[in-house]
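In the UniProt record's numbering, the protein residues as written are 1 to 146.
Written out as structure tokens, the structure is:
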């Protein structure tokens with residue numbers, strides 16, 4: 001595996017990446033968010049995402065991801081297909097797209113329910129903990145019921 005990166009702030013870089021974009025609810029810098037991301041994404045997945053995607057909701061070719069990650073195409077394709085299968089990446093034909101955590105990534109990840117059950121449980125626990133801290137209440141702050 002070639003994907004080189006300083007691991008000291010890998011998940012912080014991922015948090016920032018998942019939090020920036022149009023109509024995105026940003027993930028706050030908090031230990032619960034770190035717990036959520038570490039359970040949702042393996043270290044290698046986080047490295048691939050941070051090194052290869054400039055922003056969320058932007059389709060990216062495997063050729064570009066190979067170039068940016070430094071991982072051989074066939075090995076990378078296995079990672080990308082696995083992340084797509086588990087709801088961590090969206091696929092549009094030959095292109096891959098990283099969704100923001102909210103809205104998008106959260107819903108897809110839990111809807112497909114294909115990751116390791118223990119990982120899913122830990123991500124769900126962290127998400128509920130984050131909700132208790134007030135994260136994403138703005139989704140339901142209107143006069144209209146959801």
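Where is the CB? At the ideal position from N, CA and C, for every residue including glycine.
(1) Shortest alpha-carbon distance to residue 58 belongs to which of 103, 81, 47, 99?
(2) Could you compute how far the alpha carbon of residue 13 sits from the alpha carbon of residue 112?
(3) So within the segment 87-137, which uninterrupted alpha helix (DSSP H) runs reach at least 4 residues, ignoring any that extend past its ends?
(4) When burial is assigned at 16 or more other CB atoms within 10 Å of the CB, is residue 144 buried or exposed?
(5) Sort 117, 23, 38 by Cα distance to residue 30 and report the nearest one.
(6) Run through DSSP, which three-state label would residue 145 get?
(7) Find the nearest neighbour of residue 114 within the set 74, 85, 17, judged by alpha-carbon distance.
(8) Kindly indicate which residue of 78, 51, 55 has the alpha-carbon position closest to the one of residue 17.
(9) What is the rounded straight-line gap between the Cα of residue 42 and the Cα of residue 24?
(10) Taking the alpha carbon of residue 105 as the reference point, which residue from 90, 96, 116 has its own alpha carbon closest?
(11) By how many angstroms is the C-alpha of residue 45 removed from the C-alpha of residue 180?
(12) Relative to the alpha-carbon of residue 68, which residue among 48, 109, 102 has its alpha-carbon at the smallest distance?
(13) Taking residue 35 as the reference, give the member of 10, 135, 122, 132 with the closest Cα.
Quick look at the numbers:
(1) 99
(2) 25 Å
(3) 106-112, 117-132
(4) Because residue 144 sits at a pLDDT of 46, beneath the cut-off of 50, its placement in the model cannot be relied upon, and the following sentence gives the value as read from the coordinates. With fewer than 16 Cβ atoms within 10 Å of its Cβ, residue 144 is classed as exposed.
(5) 38
(6) Confidence at residue 145 is low in this model, with a pLDDT of 46, below 50, so the placement of that residue is unreliable and no value is reported for it.
(7) 85
(8) 55
(9) 23 Å
(10) 90
(11) Since the first and last residues shown for the chain are 1 and 146, residue 180 lies out of range.
(12) 48
(13) 122
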